[in-house]
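Under my numbering, think of the first position of the sequence shown as 76, with each following residue one higher. No residue lacks a Cβ here, since even glycine has one placed at the ideal position from N, Cα and C. Here's the structure, in structure tokens; my notes come after.
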Amino acid sequence: MGLVWSGQAMEAMARVCLDQAWLKNAAVHFVFLSRLDLLGDQWGARGYRYAMLSAGRLGHAVYLGATALGLGACGIGAFYDGEARRLLRLDDHASMLYLVAAGRISGASSP
Ligand SMILES: Cc1cc2nc3c(=O)[nH]c(=O)nc-3n(C[C@H](O)[C@H](O)[C@H](O)COP(=O)(O)O)c2cc1C
Numbered sequence: 076m077g078l079v080w081s082g083q084a085m086e087a088m089a090r091v092c093l094d095q096a097w098l099k100n101a102a103v104h105f106v107f108l109s110r111l112d113l114l115g116d117q118w119g120a121r122g123y124r125y126a127m128l129s130a131g132r133l134g135h136a137v138y139l140g141a142t143a144l145g146l147g148a149c150g151i152g153a154f155y156d157g158e159a160r161r162l163l164r165l166d167d168h169a170s171m172l173y174l175v176a177a178g179r180i181s182g183a184s185s186p
């Protein structure tokens with residue numbers, strides 16, 4: 076886990092995610108990134124698949140944690156790869172694989 080850059084990006088990320096406007100109201104976006112150029116060296120021919128599985132497993136942990144806190148989470152697989160790369164200021168070798176938004180469920184009482 077690491078800081079790529081700091082700043083407000085919720086609204087911009089909602090646009091990147093095919094204009095799913097509700098995303099800007101989430102408390103937090105967990106973004107799962109990978110260095111695609113290193114996957115082969117580290118994991119072989121199945122590297123991309125393993126990276127996606129890892130992102131899914133980490134996202135699952137967010138779902139479990141949010142649920143345990145009485146909050147909600149929603150995985151997002153619909154986004155423009157290039158726009159996500161530009162927004163997060165990643166180079167051409169890095170990519171956003173998955174995003175999980177978490178926060179209070181609209182209309183739910185406070186936990
Ligand atoms: C890999 C993956 C990608 C998803 N992408 C989106 C998405 O882009 N937008 C969205 O609203 N939900 C997305 N979802 C969430 C599913 O739509 C949601 O979990 C499913 O509809 C189940 O709804 P439930 O939480 O009400 O059971 C995604 C879920 C997964 C596992």
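Check, Outcome
"Using C-beta distances below 6 Å, list every residue in its chain close to Trp118, excluding the 5 sequence neighbours before and after it, in chain order.", "Tyr125"
"Do you know whose CA, among Met88, Val175, Met85, lies nearest Cys149's CA?", "Val175"
"With the cut-off set at 8 Å, would you say Phe105 and Ala153 are in Cβ contact?", "no"
"Secondary structure at Arg121, three-state DSSP: helix, strand or coil?", "helix"
"Closer than 6 Å from C-beta to any heavy atom of ligand 1: which residues, in chain order?", "Gln95, Cys149, Gly150, Ile151, Gly152, Ala153"
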